[in-house]
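A quick write-up on the structure given underneath.
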Amino acid sequence: MINSRKLFDDSEAVHPILEEEKIKIEKIHGKLLLIGAEDDVLWDAAKYIRRMEEREHICKLEAVVYKYGTHFVFPESMLKMMLPIGSASFVKFAFQSARKHPKECLETRIDIDVRIRNAIEEWKKGEVGYGG
C-alpha cells in the first residue's frame, strides 16, 4: 500500500494537477464535509483536503484531518454495517497504523459518525441550503 501513495506523489511530481483537474468547490452550494487522515497510505488525503480548504468557496466547509484513521475514514456505524462481524479486525489486518493505533482509529470513526449525523441534522432542519 505504501507504493500506492508513492505512485500518487510521484505522478503529481511529474504532472502537477492542473486547475481544470481540480474539484471546483467554489461551485458547491451548501455544506461540504471533507474528511481524511494523516496515516492514509493509499494517497495523501490530508494534503488534498488542505489544498481544497485554500480554494475560494461559498459553501459551508468543514474540513477535518485526523492523525489516525487509515484510508478507511468511514463512520463507525457504516463500517459495522458493511462488516457486521470482524470490522475492527479487518481494518487492523489491512492497515498497519490501525494495528499500532487501534484506539485512536476507533475514536476517529466514532467522531466521523457524529460529524456526519450533525451535517444531516443541519440539512433536515434547513440550516444549510443545498443545490444551486
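The sequence shown lines up with residues 458 to 589 when you count with our numbering. Beta carbons: idealized from backbone N, C-alpha and C, even for Gly. Everything numeric in this text was worked out from a predicted model, so none of it was measured.
Nearest residue (CA-CA) to residue i, options the options
i: Trp500; options: Arg462, Lys537, Leu490, Glu564; result: Arg462
i: His514; options: Leu536, Leu490, Arg572, Lys481; result: Lys481
i: Arg572; options: Lys479, Lys484, Phe531; result: Phe531
i: Ala494; options: Ala520, Asn460, Lys488; result: Ala520
i: Val498; options: Phe552, Asn575, Leu540; result: Phe552
i: Lys488; options: Lys560, Leu518, Pro559, Lys557; result: Leu518
i: Thr527; options: Arg574, Pro559, Arg507, Cys516; result: Pro559
i: Phe529; options: Gly543, Pro541, Asp496, Arg507; result: Asp496
First and last residue of the uninterrupted beta strand (DSSP E) at residue i
i: Val522; result: 517 to 523
i: Ile492; result: 488 to 494
Check whether residue i and residue j have beta carbons under 9 Å apart
i: Thr565; j: Tyr523; result: yes
i: Tyr525; j: Ala502; result: no
i: Ile491; j: Met509; result: In the sequence as displayed, the identity of residue 491 is Leu instead of Ile. Taking 9 Å as the Cβ cut-off, Leu491 and Met509 qualify as a contacting pair.
i: Glu483; j: Arg512; result: yes
i: Arg516; j: His486; result: Checking the displayed sequence, the identity of residue 516 turns out to be Cys instead of Arg. Yes, the Cβ-Cβ distance between Cys516 and His486 is below 9 Å.
Segment limits, alpha helix (DSSP H) that includes residue i
i: Ile474; result: That residue, Ile474, is in no alpha helix (DSSP H); it is neither H nor E in DSSP.
i: Arg512; result: No alpha helix (DSSP H) holds Arg512; DSSP gives it neither H nor E.
Quiz item: Using 8 Å as the Cβ pair cut-off and three pairs as the minimum, do the stretch 565 to 576 and the stretch 530 to 543 touch?
Solution: As far as the Cβ criterion goes, the stretch 565 to 576 touches the stretch 530 to 543, which means the pair count is three or higher.
Practice problem: Could you pull out every unbroken alpha helix (DSSP H) segment of at least 4 residues lying fully inside the stretch 536 to 570, listed in chain order? | Solution: Qualifying alpha helix (DSSP H) stretches, in chain order: 544 to 551, 553 to 557.
Quiz item: For the 8 Å Cβ check, are there 3 or more pairs between the stretch 573 to 581 and the stretch 544 to 559?
Solution: No contact exists between the stretch 573 to 581 and the stretch 544 to 559.
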